[in-house]
Amino acid sequence: MRRKLVAANWKMNGDTALVSGLLSGFLEAELGAKCDVAIFAPTIFLPQVAATLKESKIRWGGQNSAAYLKGAYTGETSSVMLKECGCQYVLVGHSERRALFGDTNEICGVKTELALSEGLIPVVCVGETLEQREANQTMDIVREQLRAVIDQVGIDALASCVIAYEPVWAIGTGVTASPDQAQAVHADIRAYVAEQRASVAEKIQILYGGSVTAGTAQELFGMPDVDGGLVGGASLKLSEFVTICHSAE
Ligand code: PEP
């Protein structure tokens with residue numbers, strides 16, 4: 326059976342005091358014991374996260390990494406640097422990166438490859454816009470996004486990744502995909518991977534992301550192909566995120 330993973334994406338939010346308060350609460354709630362929990366903090370706070378969580382079962386990661394390992398790329402953070410901050414994970418291709426910062430499918434493939442080369446677990450984010458869903462293109466879009474990554478790293482390396490299905494229309498909108506809508510896409514993602522390697526499809530964690538709340542988590546995480554969630558807004562609220570994690574246990 327696949328272990329569930331609940332991931333917090335804090336995006337560009339928080340300050341030292343908020344980070345400290347959230348982390349203390351997560352430690353007190355002993356998150357990470359019964360399901361995997363990962364905190365995706367802004368890069369500047371990663372040393373604070375690492376220092377606070379290092380003796381715990383909670384993991385952490387970067388929200389993005391450069392498509393290069395080092396050099397003259399002002400403002401970028403490499404997978405090597407994330408690794409040095411003790412990160413176990415990195416997000417790749419979050420829809421905000423794709424829409425606002427030019428992360429194409431091909432760039433996501435390269436970022437996945439570099440993250441893997443440094444021993445990080447890439448959480449590859451995929452998902453369609455509302456317009457694409459309404460045009461019945463959801464699976465074409467999602468498969469294309471995954472294909473670019475598989476072309477770059479190979480199907481066997483995908484076993485060392487996590488996939489996050491995040492419909493763009495659900496991210497930060499308060500509109501959550503229904504459990505059936507999420508399950509349908511997750512099952513299709515797993516089928517797509519299985520066409521190439523059944524053992525990878527069986528093992529890979531596929532998270533749902535998009536306005537997950539304490540009220541919607543349990544039913545979503547109860548679907549057979551939903552292996553947890555990537556949580557944005559609700560992960561900045563201590564008791565709500567703790568409840569979401571308990572829903573996955
Ligand atoms: C996200 O940023 O990955 C996300 C799912 O955000 P939210 O939960 O706020 O929709």
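All you need for our numbering is the position in the sequence shown, starting with 1, plus 325. No residue lacks a Cβ here, since even glycine has one placed at the ideal position from N, Cα and C.
For the region 411-492, the continuous alpha helix (DSSP H) assignments of 4+ residues that do not extend past its boundaries occur at 420-425, 430-442, 455-459 and 463-478, in sequence order.
Between the region 393-404 and the region 426-434 there are fewer than three C-beta pairs closer than 8 angstroms, too few to call the two in contact.
In this structure, Asp550 places its C-beta atom within 8 angstroms of the C-beta atom of Gln508. If you check the CB distance, Gly386 and Val415 come in under 8 angstroms.
For Ala333, the enclosing beta strand (DSSP E) begins and ends at Leu330 to Asn334. Between Val451 and Ile488, the C-beta gap is smaller than 8 angstroms, which places the two residues in contact.
Relative to the non-hydrogen atoms of the ligand PEP, the Cβ of Gly540 never comes closer than 7 angstroms to any of them. Annotation: the region 509-563 contains the following complete segments of the beta strand (DSSP E) (minimum length 3 residues), in chain order: 531-534 and 553-556. When the beta-carbon positions are compared, Ala392 and Leu439 come within less than 8 angstroms of each other. In the three-state reduction of the DSSP assignment, Ile364 falls in the strand class, which pools E and B.
A check of alpha carbon separations from Ala542 across Glu574, Ser485, His419 and His511 identifies Glu574 as the nearest. Cα atoms of Glu453 and Arg468: separation of roughly 10 angstroms, rounded to the nearest angstrom. Shown here for Val448: same chain residues with a beta carbon closer than 6 angstroms to its own, the five before and five after excluded, namely Tyr414, Leu416, Val487 and Ala489 in chain order. Relative to the ligand PEP, the beta carbon of Asn338 is positioned no closer than 7 angstroms to any heavy atom.
In the DSSP assignment, Gly387 is bridged to Val415. In the three-state reduction of the DSSP assignment, Leu348 falls in the helix class. Arg384 places its beta carbon 8 angstroms or farther from that of Gln530.
In this structure Gly554 is in contact with Leu545, their Cβ atoms being roughly 7 angstroms apart against a cut-off of 8 angstroms. DSSP, reduced to helix, strand and coil, places Asp340 outside both helices and strands of the structure shown, so it counts as coil. A straight-line Cα-Cα distance of about 6 angstroms links Val500 and Ser536.
Taking the Cα positions, Gln462 is about 44 angstroms away from Ala376. Secondary structure at Leu394: coil, using DSSP grouped into helix, strand and coil. Counting along the chain, the unbroken alpha helix (DSSP H) around Ser404 starts and ends at Ser404 to Glu409. Burial check for Ala363: the Cβ neighbour count within 10 Å reaches 16 or more, so the residue is buried. By the CB criterion at 8 angstroms, Ala523 and Thr568 fall outside the cutoff.
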